Amino acid sequence: MDTKYDDSVLGRARVQDTPELEAYYAELNKLGAGALWTVANDIEPWEPRPSSVPMLWRYEDLRELVLKSSELVTPEQAGRRVVYLVNDKRRDVSAAVGWLYTGIQVTRPGESTSAHRHKASALRFIMEGEGGYTVVDGNKIMLEVNDFVITPNSTWHEHGVEEGGKTCIWQDGLDIPLVNALEANDYAVFDGKQPLEKPINYSPLTYGGAGLVPADQEWNKPYSPLFKYSWKQVYPALQDAAKVKAGSPYDGILMHYTNPVTGGHVMQTMGASIQMLRPGEQTKAHKHTGSFVYQCAKGKGYSIIGGKRYDWKERDIFCVPSWVYHEHVNLSETEDACLFSFNDLPVIESLGLYQEKAHPEGHQKIEQ
Numbered sequence: 000m001d002t003k004y005d006d007s008v009l010g011r012a013r014v015q016d017t018p019e020l021e022a023y024y025a026e027l028n029k030l031g032a033g034a035l036w037t038v039a040n041d042i043e044p045w046e047p048r049p050s051s052v053p054m055l056w057r058y059e060d061l062r063e064l065v066l067k068s069s070e071l072v073t074p075e076q077a078g079r080r081v082v083y084l085v086n087d088k089r090r091d092v093s094a095a096v097g098w099l100y101t102g103i104q105v106t107r108p109g110e111s112t113s114a115h116r117h118k119a120s121a122l123r124f125i126m127e128g129e130g131g132y133t134v135v136d137g138n139k140i141m142l143e144v145n146d147f148v149i150t151p152n153s154t155w156h157e158h159g160v161e162e163g164g165k166t167c168i169w170q171d172g173l174d175i176p177l178v179n180a181l182e183a184n185d186y187a188v189f190d191g192k193q194p195l196e197k198p199i200n201y202s203p204l205t206y207g208g209a210g211l212v213p214a215d216q217e218w219n220k221p222y223s224p225l226f227k228y229s230w231k232q233v234y235p236a237l238q239d240a241a242k243v244k245a246g247s248p249y250d251g252i253l254m255h256y257t258n259p260v261t262g263g264h265v266m267q268t269m270g271a272s273i274q275m276l277r278p279g280e281q282t283k284a285h286k287h288t289g290s291f292v293y294q295c296a297k298g299k300g301y302s303i304i305g306g307k308r309y310d311w312k313e314r315d316i317f318c319v320p321s322w323v324y325h326e327h328v329n330l331s332e333t334e335d336a337c338l339f340s341f342n343d344l345p346v347i348e349s350l351g352l353y354q355e356k357a358h359p360e361g362h363q364k365i366e367q
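So that you can map any letter, position 234 of the sequence shown is 233 in numbering that gives the first Met the number 0, and since no number is skipped, the others follow by simple counting.
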């Protein structure tokens, strides 16, 4: 008999309650204690057990409400004018999936946020608009659609849109739920505007060359010195790789945003990736530890997550909880599709908690 997931086997807690034991538990409870065997099977599951559910947030449903927020409150009033996306099972910690937060921020031409910093790390993926910028530790960086931007742990940062620009909308990603769970978060507001310490776009112009780092620069901080990863360079890199590589059976042409100095993740607690699905491509299903938030950067398709189909198109956002089977499909027979994603893999990997499993049948059956 297969007893792999049978809690009645030797080695699992199998104690049956009796009046004597219940009285014993009550005595322990009065002292702020308990018997491990009453909770052991729950807190030590046979396999990783996600607390989140798969969800998809449609941009066409949210966009008007995001824009409406710019009519109702100012950046000064709100601090940051953001519509956050919350998982049905993680509302208590304002998380989109696992311990990750995400939201959609809007800024009008001529507006800017106050400079601030926090222990939580943050990232942005630009969705629409022109003339947007961010200032990270005195480095002003101009933003374009599908650019990926980081604002690491404890860096001073602010955002805005130039007077002659167009209203900008971008996705925010933060590890706020994780840092709060560790009881380590903080927040500070800069007194006035940050002084610009470097020429505009210094970071991407200095560190943005593929395979190149400046010989006269020393970087000893635990996050990437490249604060913006330009779509103008990222998308051609995906196209070039697709010419010579079969790609991953589970993710198509998948590339990770990396720290150009170390080759590792861009920040200590959050990583990010970009992937391309060729025309008509369907990946195989697998599951792994680590929580993921996706945004469709280009094209249209669907993902099967936990046996359910989620259709997406450009700017839609969806999540894949830890240890849930998932696979992706590009619905176009002529155009590629691209998915941006961010995750908590730096934490998972550094703690030795990563594991992965392929679906035994290759693909999931879609639940009706």
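Ideal placement from N, C-alpha and C gives every residue a C-beta, glycine not left out. On a predicted model such as this, the values are computed, not experimentally measured, just so you know.
Task: The alpha helix (DSSP H) enclosing W230, as first and last residue numbers - done: As a first step, residue 230 is located in the sequence shown; it is residue number 231 there, counting from the start. Unbroken alpha helix (DSSP H) run through W230: 230–243.
Open item on the list: Mapping the DSSP letters down to three states, classify M0 as helix, strand or coil.
Closed with: By 1-based counting over the sequence shown, the position of residue 0 is 1. Because the pLDDT of M0 is 32, which lies under 50, any placement of that residue in the model is unreliable, and the question is left without a value.
Open item on the list: According to DSSP, simplified to helix, strand and coil, what is I316?
Closed with: Mapped onto the sequence shown, residue 316 falls at position 317. The answer is strand: DSSP assigns I316 an E or B state.
Task: N-terminal and C-terminal residue of the alpha helix (DSSP H) that Q354 is part of - done: Here residue 354 is taken as the residue at index 355 of the sequence shown, counted from 1. Per DSSP, Q354 belongs to no alpha helix (DSSP H) and is neither H nor E.
Task: Rounded Cβ spacing between R116 and T154 (contact assumed at less than 8 Å) - done: The residue given as residue 116 occupies position 117 in the sequence shown. The residue given as residue 154 occupies position 155 in the sequence shown. Contact between R116 and T154 holds: CB atoms are separated by about 6 Å, below the 8 Å threshold.
Task: 3-residue-minimum beta strand (DSSP E) runs that sit fully inside the segment 98–123, ordered along the chain - done: Secondary structure remark: continuous beta strand (DSSP E) runs of at least 3 residues inside the segment 98–123, in chain order: 100–106, 115–117.
Task: Q170, buried or exposed, once every other Cβ within 10 Å from all chains shown has been counted against 16 - done: Working through the sequence shown from its first residue, we reach residue 170 at position 171. Answer is buried; the Cβ neighbour count reaches 16.
Open item on the list: Could you check whether the Cβ of T268 sits closer than 7 Å to any heavy atom belonging to the ligand SAH?
Closed with: In the structure shown, the ligand SAH is absent, as is every other ligand, since no ligand is present at all.
Open item on the list: I'd like to know if the segment 324–339 and the segment 56–71 are in contact, where contact means that at least 3 CB-CB pairs between them fall below 8 Å.
Closed with: Because the criterion of three Cβ pairs below 8 Å is not met, the segment 324–339 and the segment 56–71 do not touch.
- [ ] Identify every run of the alpha helix (DSSP H) within the segment 137–191, keeping only runs that are complete inside it and at least 4 residues long; order them along the chain.
- [x] Fully contained in the segment 137–191 are the following alpha helix (DSSP H) runs of length 4 or more, in chain order: 175–180.
Open item on the list: Suppose only complete runs of 3+ residues qualify. What are the beta strand (DSSP E) ranges in the segment 52–91, listed by chain order?
Closed with: Taking only runs of at least 3 residues, the beta strand (DSSP E) segments lying wholly in the segment 52–91 are 54–56, 81–84.
Task: C-alpha gap between G31 and W98, whole angstroms - done: Here residue 31 refers to the residue found at position 32 when the sequence shown is read from its first residue. Here residue 98 refers to the residue found at position 99 when the sequence shown is read from its first residue. For G31 and W98, the distance between alpha carbons rounds to 28 Å.
Open item on the list: To the nearest angstrom, how far is the alpha carbon of L344 from that of H362?
Closed with: By 1-based counting over the sequence shown, the position of residue 344 is 345. By 1-based counting over the sequence shown, the position of residue 362 is 363. Cα to Cα, L344 sits roughly 24 Å from H362.
- [ ] With I199 as the anchor, note down where its beta strand (DSSP E) starts and where it stops.
- [x] Within the sequence shown, the letter at position 200 stands for residue 199. Annotation for I199: no beta strand (DSSP E) segment contains it, and DSSP assigns it neither H nor E.
Open item on the list: Within 10 Å of its beta-carbon, does Q104 have 16 or more other beta-carbons around it, so buried, or fewer, so exposed?
Closed with: By one-based count along the sequence shown, residue 104 stands at place 105. Answer is buried; the Cβ neighbour count reaches 16.
- [ ] Put S290 into one of helix, strand or coil per three-state DSSP.
- [x] The count along the sequence shown starts at 1 and reaches residue 290 at position 291. S290: coil per DSSP, three-state reduction.
Open item on the list: Just to confirm the assignment, what range does the beta strand (DSSP E) spanning L338 have?
Closed with: Here residue 338 is taken as the residue at index 339 of the sequence shown, counted from 1. Judged by DSSP secondary structure, L338 falls within the beta strand (DSSP E) whose first and last residues are 336–342.
TODO: Quickly, what does DSSP pair G305 with across the bridge? List them, please.
DONE: In the sequence shown, the residue the question calls residue 305 occupies position 306. The partner list for G305 (beta bridge, DSSP) is empty, contrary to what the question assumes.
TODO: Verify whether the separation of the beta carbon atoms of N219 and P278 is less than 8 Å.
DONE: In the sequence shown, the residue the question calls residue 219 occupies position 220. In the sequence shown, the residue the question calls residue 278 occupies position 279. No. Outside cutoff.
TODO: Verify whether the separation of the beta carbon atoms of D41 and S120 is less than 8 Å.
DONE: Mapped onto the sequence shown, residue 41 falls at position 42. Mapped onto the sequence shown, residue 120 falls at position 121. No, the Cβ-Cβ distance between D41 and S120 is not below 8 Å.
- [ ] In angstroms with no decimal places, state the Cα-to-Cα distance between T2 and I273.
- [x] Stepping through the sequence shown from its first residue, residue 2 is reached at position 3. Stepping through the sequence shown from its first residue, residue 273 is reached at position 274. Interpretation of T2 is limited by its pLDDT of 47, a score under 50 that renders its predicted location unreliable; no figure is taken from the coordinates.
- [ ] Determine, using beta-carbon pairs with one atom in the segment 302–312 and one in the segment 43–55, whether at least three such pairs fall under 8 Å.
- [x] The segment 302–312, when compared against the segment 43–55, does touch it at the 8 Å Cβ threshold.
TODO: Could you tell me which of R90, V212, E355 sits nearest to P47, measuring between CA atoms?
DONE: Mapped onto the sequence shown, residue 47 falls at position 48. Of R90, V212, E355, the residue nearest in Cα terms is E355.
Task: Buried or exposed (CB count within 10 angstroms, at least 16 for buried), P18 - done: The residue given as residue 18 occupies position 19 in the sequence shown. With fewer than 16 other Cβ atoms from the protein chains shown falling within 10 Å of its own Cβ, P18 counts as exposed.
Task: For Y83 and I347, the rounded distance between their alpha carbons - done: What you label residue 347 is simply residue 348 of the sequence shown in a count that begins at 1. What you label residue 83 is simply residue 84 of the sequence shown in a count that begins at 1. Roughly 24 Å between the two C-alpha positions.
Task: Nearest candidate by alpha-carbon position, reference V260, set G251, Y222, E21 - done: Position 261 of the sequence shown, counted from the start, is the residue given in the question as residue 260. Looking from the CA of V260, the closest CA among G251, Y222, E21 belongs to Y222.
Open item on the list: Buried or exposed, going by whether 16 or more other CB atoms sit within 10 Å of the CB of V243?
Closed with: In the sequence shown, counting from the first residue as 1, residue 243 sits at position 244. Classification of V243: exposed, given that the 10 Å Cβ count is below 16.
Open item on the list: So, does the segment 275–291 touch the segment 245–256, judging by three or more C-beta pairs under 8 Å?
Closed with: Contact between the segment 275–291 and the segment 245–256 is established, with three or more Cβ pairs separated by less than 8 Å.
Task: Simplified DSSP assignment, three categories, for N329 - done: In the sequence shown, the residue the question calls residue 329 occupies position 330. Assigned with DSSP and collapsed to three states, N329 falls in strand.
Open item on the list: Any contact between the segment 130–142 and the segment 175–190? By contact I mean 3 or more CB pairs, one from each, below 8 Å.
Closed with: No: the two stretches stay apart, fewer than three of their Cβ pairs being nearer than 8 Å.
TODO: For Q294, count neighbouring Cβ atoms within 10 angstroms of its own Cβ and tell me buried if that reaches 16, exposed if not.
DONE: By 1-based counting over the sequence shown, the position of residue 294 is 295. Counting Cβ neighbours within 10 Å, Q294 comes out buried, since at least 16 surround it.
- [ ] Leaving aside the five residues before and after V92 along the sequence, list all residues of the same chain whose C-beta is less than 6 Å from its C-beta, in chain order.
- [x] Residue 92 sits at position 93 when you count from the first residue of the sequence shown. Taken in chain order, the residues that qualify are P176.
Open item on the list: For K297, list the residues DSSP reports as bridge partners.
Closed with: Here the question's residue 297 lines up with position 298 in the sequence shown. Answer is C337.
Open item on the list: Can you check which of these residues, H158, T268, G262, C318, is closest to L181 by C-alpha distance?
Closed with: If you number the sequence shown from 1, residue 181 lands on position 182. In terms of CA proximity to L181, T268 leads the group H158, T268, G262, C318.
TODO: Please report the Cβ distance between G33 and E110, rounded to the nearest whole angstrom; I am assuming they are in contact, meaning their Cβ atoms lie under 8 Å.
DONE: For the purposes of this step, residue 33 is taken as the residue at position 34 of the sequence shown. For the purposes of this step, residue 110 is taken as the residue at position 111 of the sequence shown. Contact flag wrong, Cβ pair sits at about 53 Å.
Task: Proximity of M266 and I149 at Cβ, strictly below 8 Å - done: Along the sequence shown, read from residue 1 onward, the residue named residue 266 stands at position 267. Along the sequence shown, read from residue 1 onward, the residue named residue 149 stands at position 150. Contact: yes.
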